[in-house]
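**Q** Protein chains in written order, with this note's numbering: chain A, -9 to 133; chain B, 50 to 185.
We treat Cβ as the ideally placed atom computed from N, Cα and C, and that holds for glycine.
Note that the structure is predicted; figures quoted are calculated from it, not measured.
Could you have a look at this structure, given as structure tokens, before my questions?
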Amino acid sequence: MRLRHRRQHSEEMDGEAIDLAPMLDFVLNLLIFFIITAVFVKEIGLALNTPPPAPPNQKQQEDDHGTLFIAVHKNGDVSIDQRLVDPEAVRANVERFRGEKPEGPVIVVANIKAPTGLVVKVMDQARLGGALNVLLQPTASKK
Amino acid sequence: MQARRHASADDHHGIDLAPMLDFVLNLLIFFIIITSFVKQAGVKVDKEQALTAESRASGNILIAVRPNGEVWMDRKKVSLPEVRALVERMHAERPEDTVVILADKMSETGVMAQVMNQVHAGGIQSVSVATRGQGG
């Protein structure tokens, strides 16, 4: 009965489609599986850039005049120009520096033992202070 | 009235499922592609909050750094040289991918810096460190 029915259809060639319902069931199952396993990750973050490779000493000293170095020590201290500052005060320091030298780069010199959270906080503060490009330079120094 | 007559005329055919099937197949393809894009790190980390954080258009290789110095990538714990090899391979597969380092706020900066160097060596220059936004 069924077969004859089908054959009749193919002979007629009248555009009558095959039964798509089983395929649709299967595809819907697949779809549900992939919806469940899909993870939409929207990570936000700060760009990590390192300063260009160290130039010869002489040039380094010339550059130093227009660069603000913020040191993050391994015990959690933050200092600018050998002066201890509160992490929250980095913003004000960067703002003042930007007032003097708007184009000067800001480099966060972070001890490799310093906690990442503090380094991120300092970089965030520097960006709040208006520094467009905050560079991160890891250092293995003792402090 | 008309609908009932229609139903009685070809009740064993049912409605035409082809357009629905087209739509569902499109959805299916979309979700298959989405699942293969993002390389999850596989561990949960506690991120530092940052007010100036910005979202990257395609930050989809995630590398996690745990407080104990472990590095996780693609749901596996990896060593630093492996980071470079994995990044090289992923970069070859999809050159527009960028890397987001999920560094725990209690982890050491040195590990993050080493991971960053490995990623640069692997060919991806655009690296960022993940943070929490203002709300979360």
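Taking the continuous beta strand (DSSP E) assigned at K126/B, which residues delimit it?
**A** K125 to V127 is the extent of the beta strand (DSSP E) around K126/B.
**Q** Can you find a CB in chain A that lies within less than 8 Å of the CB of E142/B?
**A** Chain A contact via Cβ: absent.
**Q** Which residues, in chain order, does the stretch 58 to 74 of chain A contribute to contact with chain B at a C-beta distance below 9 Å?
**A** Of all residues in the stretch 58 to 74 of chain A, V62 and K64 have a Cβ within less than 9 Å of some Cβ in chain B.
**Q** Just checking, does the stretch 70 to 80 of chain A make contact with the stretch 124 to 135 of chain B on the three C-beta pairs under 8 Å criterion?
**A** Touching, no.
**Q** Do A102/B and L36/A count as a contact pair if the criterion is CB distance below 8 Å?
**A** Contact: yes.
**Q** Just to confirm before moving on: does the CB-CB distance between L38/A and V176/B stay below 8 Å?
**A** It is a contact, given that the beta carbons lie within the stated cut-off.
**Q** With respect to 7 Å, is the separation between the Cβ of K91/A and the closest non-hydrogen atom of the ligand GTP below this value?
**A** Only the bare structure without any ligand can be found here, which leaves the ligand GTP out of the picture.
**Q** Given this structure, state the Cα-to-Cα distance separating Q48/A from S104/B, to the nearest angstrom.
**A** Below a pLDDT of 50, predicted positions are generally treated as unreliable, and Q48/A, at 48, falls in that range; the measurement from the model is reported next regardless. Looking at the two C-alpha atoms, the distance is approximately 39 Å.
**Q** Taking 8 Å as the threshold (beta carbon to beta carbon), is V17/A in contact with chain B?
**A** Yes, its Cβ sits closer than 8 Å to a Cβ of chain B.
**Q** Please report how far the alpha carbon of M44/B lies from the alpha carbon of E145/B, in whole angstroms.
**A** There is no way to answer for residue 44/B, as the model of chain B reaches only from 50 to 185.
**Q** Please confirm whether L111/B and Q167/B have their CB atoms less than 8 Å apart.
**A** Contact flag unset, no.
**Q** From A141/B to T27/A, what does the alpha carbon distance come to, in whole angstroms?
**A** In a straight line, the C-alpha of A141/B is about 25 Å away from that of T27/A.
**Q** Can you name, in chain order, every residue of its own chain whose Cβ lies under 7 Å from the Cβ of N101/A, other than the five neighbours on each side?
**A** These residues qualify, in order along the chain: V62, H63, K64, T129, S131 and K133.
**Q** In angstroms with no decimal places, state the Cα-to-Cα distance between V29/A and A162/B.
**A** Approximately 27 Å between the Cα atoms of the pair.
**Q** By Cβ distance, which residues of its chain are closer than 7 Å to P95/A, with the 5 residues on each side in sequence left out?
**A** T57, N123 and L125, listed in sequence order.
**Q** Give the single residue among V132/B, V120/B, Q98/B and S85/B whose Cα lies nearest to the Cα of R143/B.
**A** Among V132/B, V120/B, Q98/B and S85/B, the Cα nearest to that of R143/B belongs to S85/B.
**Q** Decide if D9/A is buried, meaning its Cβ has at least 16 other Cβ atoms within 10 Å, or exposed.
**A** It is exposed - the Cβ of D9/A has fewer than 16 other Cβ atoms within 10 Å.
**Q** Once the 5 residues before and after K96/B are set aside, which same chain residues still bring their CB inside 8 Å of it?
**A** So the qualifying residues of the chain are L151, A152, D153, K154, A179, T180 and R181.
**Q** To the nearest angstrom, report how far apart G63/B and I25/A are at their CA atoms.
**A** Near 28 Å, if we compare the C-alpha coordinates of I25/A and G63/B.
**Q** Along chain A, in chain order, which residues have C-beta atoms closer than 9 Å to that of I83/B?
**A** F24, A28, V29 and F30, listed in chain order.
**Q** Leaving out the 5 sequence neighbours to the left and right, which residues in its chain are closer than 8 Å to R117/A when beta-carbon positions are compared?
**A** Once the five neighbours on either side are set aside, the close Cβ partners of R117/A are L36 and V124.
**Q** Bridge partners of G63/B, per DSSP?
**A** G63/B pairs with nothing; no bridge assigned.
**Q** Determine the chain A residues that contact M69/B at a beta-carbon separation under 8 Å, and present them in chain order.
**A** Result: L14.
**Q** If I measure Cβ to Cβ from M69/B and keep anything under 6 Å in the same chain, skipping five residues before and after, which residues do I get?
**A** The answer is none, since no qualifying residue turns up.
**Q** Assuming the contact rule is C-beta atoms closer than 8 Å, R133/B and A170/B should be a hit. Round their C-beta distance to whole Å, please.
**A** Sure, about 5 Å apart at Cβ, within 8 Å.
**Q** When you compare each of D76/A, V110/A, E78/A and P92/A to V98/A by their alpha carbons, which one comes out closest?
**A** Closest by alpha carbon: V110/A.
**Q** Less than 8 Å between CB atoms is the rule here; does M165/B satisfy it with respect to chain A?
**A** M165/B counts as touching chain A.
**Q** For M161/B, would you say it is in contact with chain A, using Cβ-to-Cβ distances shorter than 8 Å as the test?
**A** M161/B counts as touching chain A.
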